[in-house]
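Position 395 of the sequence shown, counting from 1, maps to 403 under this note's numbering, and the rest follow consecutively.
Heads up, the beta-carbon is just placed ideally off N, CA and C, and yes, glycines get one too.
Here the structure is a predicted model, which means the values were calculated and not measured.
One structure is given here, and the rest of the page talks about it.
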Amino acid sequence: MGGLKFHVLMYPWFATGHMTPFLFLANKLAEKGHTVTFLLPKKSLKQLEHFNLFPHNIVFRSVTVPHVDGLPVGTETASEIPVTSTDLLMSAMDLTRDQVEAVVRAVEPDLIFFDFAHWIPEVARDFGLKTVKYVVVSASTIASMLVPGGELGVPPPGYPSSKVLLRKQDAYTMKKLEPTNTIDVGPNLLERVTTSLMNSDVIAIRTAREIEGNFCDYIEKHCRKKVLLTGPVFPEPDKTRELEERWVKWLSGYEPDSVVFCALGSQVILEKDQFQELCLGMELTGSPFLVAVKPPRGSSTIQEALPEGFEERVKGRGLVWGGWVQQPLILSHPSVGCFVSHCGFGSMWESLLSDCQIVLVPQLGDQVLNTRLLSDELKVSVEVAREETGWFSKESLCDAVNSVMKRDSELGNLVRKNHTKWRETVASPGLMTGYVDAFVESLQDLVSGTTHD
Ligand SMILES: O=c1ccn([C@@H]2O[C@H](COP(=O)(O)OP(=O)(O)O[C@H]3O[C@H](CO)[C@@H](O)[C@H](O)[C@H]3O)[C@@H](O)[C@H]2O)c(=O)[nH]1
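Quick look at the structure:
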């Protein structure tokens, strides 16, 4: 608890998968007596408030997200829009610079944490402050962004892995990100990320050396600056919130480890045909299943998009739900035996912490890299096979699930064994506290201007 106390201003990208890990880290800092001003869009306040375990030390301040042409009026967060409109929301974030400067002036922080607001180092310089670019995607994602433009499947010189790569059949992930608008919105995502990496004082990554050490070293060398690791920074289990009664009731009707749970995060919106294939694949597994995804593109409800006759056929054993569910609590329910995930970075950690078998069906580039890390390097999961176009069939989904769910499957036993080993590693309390303690010490040095070789 000793040493210098500092005040951090945090300004994460307006997406659940970014704001929540920032807040988890804020809790760790607050626990040690440091203070945090957390800037976020108004709409996100409600969703995040309950994660704030130290309301005296962590103070939320909302920003007004200005309207930009091309976005529906009132848009404030990435989960409200398709990923192809991300660049528009980023340009709206750029327009909040005045508001951020006013907050800096008012609260006088010692440090600013940011991720996509690439102009934060300029603001900080004006006030004589230090900045931390906090990476809440995997180190492998950042490493692969540092040398863009190479041939898919071929590691750039010095890149630390021949497995954690985008391959030719992953080209579809790039199409998914192509902006659909023609409005000039300033720098693209890659430019924002590289500018942020280059202009911040230090880079911090939400990862563990045990899992991605070689990628962290690669980034440090490439960016020629210190890379600090916070460890996975899992949230404390929230004992005040229990799994909703409807899910407790539904899940309790099934045998232990029998239910296949599928969730694709806060952003993914499938095309209708791929959504239907997902449903049919789950049906084909023969297992009870719960799918929690957004309605597919062009449909306003799940019901209107389900395949013909599907609901009657799976009645009593399968459910497709279009709303938000409590993912970590569902994963820890004894009836849930398999997690079919998009492998967003948050879900990646949650899947590692769970004792479910893991089946991955990534949708975006970073999710593909996380998938390769888990499936090909750590061998704790299996990936659903895709065709060259990026399409996955109901058969390939069903095969992947059954390959790890069938009793006595060799692959199932192998991934279970590896998963147990890695879960024990990442969940060991010593690992987390060790990372956070070392991270805080480095921040104290940064604020006080102390240097260590
Ligand atoms: O119904 C749901 C859906 C999600 N979650 C939670 O929401 C978080 C989602 O985070 P993540 O798994 O990281 O997914 P996304 O928010 O979809 O991911 C975005 O942000 C990630 C960085 O954290 C990137 O890796 C992804 O590519 C990007 O799409 C997790 O904690 C989930 O437990 C729920 O609780 N209920």
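| Is it the case that the Cβ atoms of leucine 298 and tryptophan 255 are separated by a distance below 9 Å? | yes
| message | Would cysteine 364 and phenylalanine 269 be called neighbours here (beta carbons separated by less than 9 Å)? | response | yes
| request: My understanding is that aspartate 95 touches leucine 197, with C-beta atoms under 8 Å, so please give their C-beta distance in whole angstroms. | output: 7 Å
| Segment limits, alpha helix (DSSP H) that includes glutamine 469 | Outside the shown range of the chain, which is 9 to 461, sits residue 469, and nothing can be said about it.
| request: Return the chain-ordered list of same chain residues with a C-beta closer than 6 Å to the C-beta of valine 392, the five sequence neighbours on each side being excluded. | output: Val369, Phe400, Ser404, Leu405, Ala408
| Going along the chain, which unbroken runs of the beta strand (DSSP E) with 3 or more residues stay wholly within the stretch 174 to 237? | 210 to 213, 235 to 237
| task | Using a threshold of 9 Å, state whether the C-beta atoms of phenylalanine 223 and serine 148 are closer than that. | result | yes
| query | So which of Ile277, Leu31, Gln55 has the shortest CA-CA distance to serine 93? | reply | Ile277
| message | Can you tell me whether alanine 151 is helix, strand or coil according to DSSP? | response | helix
| said: Taking 8 Å as the cut-off, is the beta-carbon of glutamine 107 closer than that to any non-hydrogen atom of ligand 1? | reply: no
| message | Quick check on this structure: which residue in Pro336, Val201, Thr45, Gly82 has the alpha carbon closest to the alpha carbon of phenylalanine 68? | response | Thr45
| Sequence-distant residues of the same chain with beta carbon closer than 7 Å to valine 444, five excluded per side | Lys36, Thr238, Gly239
| field | Close beta carbons around valine 344, own chain, < 7 Å, minus the five adjacent residues each side | value | Leu259, Val267, Phe269, Ile338, Cys364
| query | What's the C-alpha gap between threonine 293 and leucine 327? | reply | 14 Å
| message | Quick check: asparagine 8 and threonine 43, are their CB atoms within less than 9 Å of each other? | response | In the structure as shown, the chain begins at 9 and stops at 461. Residue 8 is therefore absent and cannot be evaluated.
| request: State whether the stretch 163 to 182 contacts the stretch 375 to 395, with contact taken as three or more CB pairs (one from each stretch) at a distance under 8 Å. | output: yes
| task | Using 10 angstroms around the beta-carbon of valine 81, count the other beta-carbons present and answer buried if the total reaches 16, otherwise exposed. | result | exposed
| For valine 455 and leucine 12, believed in contact at Cβ under 8 Å, the rounded distance | 6 Å
| beta-carbon leucine 272 near ligand 1 non-hydrogen atom, thresh 8 Å | yes
| request: Using 8 Å as the cut-off, classify the Cβ of glycine 352 as near or not near the heavy atoms of ligand 1, replying yes or no. | output: yes
| request: Return yes when the C-beta of histidine 26 is under 8 Å from any heavy atom of ligand 1, and no when it is not. | output: yes
| request: With glutamate 396 as the anchor, note down where its beta strand (DSSP E) starts and where it stops. | output: That residue, glutamate 396, is in no beta strand (DSSP E); it is neither H nor E in DSSP.
| task | Taking methionine 18 and alanine 34 to be in contact with their CB atoms under 8 Å, please state how far apart those CB atoms are, rounded to whole angstroms. | result | 6 Å
| query | Cα separation between leucine 360 and tryptophan 430? | reply | 7 Å
| field | Helix, strand or coil at tyrosine 19 according to DSSP, with G and I counted as helix | value | strand
| message | Quick check: the Cα distance between valine 76 and alanine 271, rounded to an integer number of angstroms? | response | 31 Å
| said: Can you tell me whether alanine 271 is helix, strand or coil according to DSSP? | reply: strand
| query | cysteine 346 bridges to which residues according to DSSP? | reply | Val268, Gln365
| said: I need the DSSP call for leucine 48, collapsed to helix, strand or coil. | reply: strand
| request: List the endpoints of the continuous beta strand (DSSP E) containing glutamate 116. | output: Careful: glutamate 116 lies outside any beta strand (DSSP E) and carries neither H nor E.
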